[in-house]
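One structure below.
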Amino acid sequence: MLQSGKTKSRWAALIKKLVLLAGLYVVLVICWPDFQSGIFFSTACLMLMLSMVLGGDGYGNQRVESLLTKVGDTLIISHGIGKVTIPIARIESIAIGKNYLGLIEQNNGNGYDITCTGSRDQIHHHIKNLLAEHFENCTVHSI
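For the sequence shown, position 85 matches number 126 in the numbering used here, and the numbering has no gaps at all.
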C-alpha cells in the first residue's frame, strides 16, 4: 500500500535539504577555516523549518485529473516523484471520499490510497470516465 504522496515527498524533500546543508557545511569548513559553525547551524535549522512549514510540497493538493491518467488499458497513478501503472481490468474495488480515492487490485489485495483535491462527485466522475465500461464491474464504496 502506498503512503500518501504528500508524506513521501515531505520526507524526500527533508532528506534532500539535509544532504544539501551537510555538503554546504563541508565546503565552508574547507574553504573558510575560521568558520563559526554555531551561526551556520542555527541559521540552517531556522531556514529548514521555515521551508518545510511554509513551502509545502503540493502533492496532496493536486487535482485527481493530474494524478490519475489512462493510457490504453492501463491506469497511471502519479504519486510524489514516481508513477504506478495498473491494468484497468485488475481494479476490483474503489473507495471514494472527499479529497480521497482508494483503489484495490483484484486477487492480491494491493491497495493504492490517493489524496487529492476534489469533491466525491468530481472524483467519482473522473474515475468513471477513466474506467469506462469496467467501472460497472467494480465495487464502489462512498466514504
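Even glycine gets a Cβ: it sits at the ideal position worked out from N, Cα and C.
The model shown is predicted, which means the values in this text are computed figures rather than measured ones.
Sequence-distant residues of the same chain with beta carbon closer than 8 Å to residue i, five excluded per side
| i | result |
| --- | --- |
| I204 | Summary: the structure shown does not reach residue 204, with the chain confined to residues 42 through 184, and so no result is reported for it. |
| L87 | none |
| I56 | none |
6 Å CB neighbourhood of residue i in its chain, flanking five on each side removed
| i | result |
| --- | --- |
| K169 | F176 |
| M42 | In this predicted model, M42 has a pLDDT of only 40, less than 50, meaning its place in the structure is not dependable enough to derive any value. |
| L189 | Residue numbering for the chain in the displayed model covers 42 to 184; residue 189 lies beyond these limits and cannot be assessed. |
| K58 | L89 |
Residue from the options with nearest C-alpha to residue i
| i | options | result |
| --- | --- | --- |
| V125 | V70, A85, Y153 | Y153 |
| M90 | V68, H166, A54, G79 | A54 |
| R161 | I155, K57, S183, N151 | S183 |
Straight-line Cα distance separating residue j from residue i
| i | j | result |
| --- | --- | --- |
| L109 | Q163 | 13 Å |
| G79 | A63 | 14 Å |
| G159 | R104 | 7 Å |
| G138 | I71 | 54 Å |
| V181 | K111 | 19 Å |
| I135 | H120 | 18 Å |
| N149 | E106 | 26 Å |
| T84 | D75 | 17 Å |
For residue i, three-class secondary structure by DSSP
| i | result |
| --- | --- |
| I164 | helix |
| G159 | coil |
| G79 | helix |
| I56 | helix |
| K169 | helix |
| G113 | coil |
| I137 | strand |
| I184 | coil |
Rounded distance between the beta-carbons of residue j and residue i, thought under 8 Å
| i | j | result |
| --- | --- | --- |
| I129 | D114 | 5 Å |
Neighbourhood of residue i by C-beta, 7 Å cutoff - its chain only, sequence neighbours within 5 removed
| i | result |
| --- | --- |
| N140 | T156, C157, T158, G159 |
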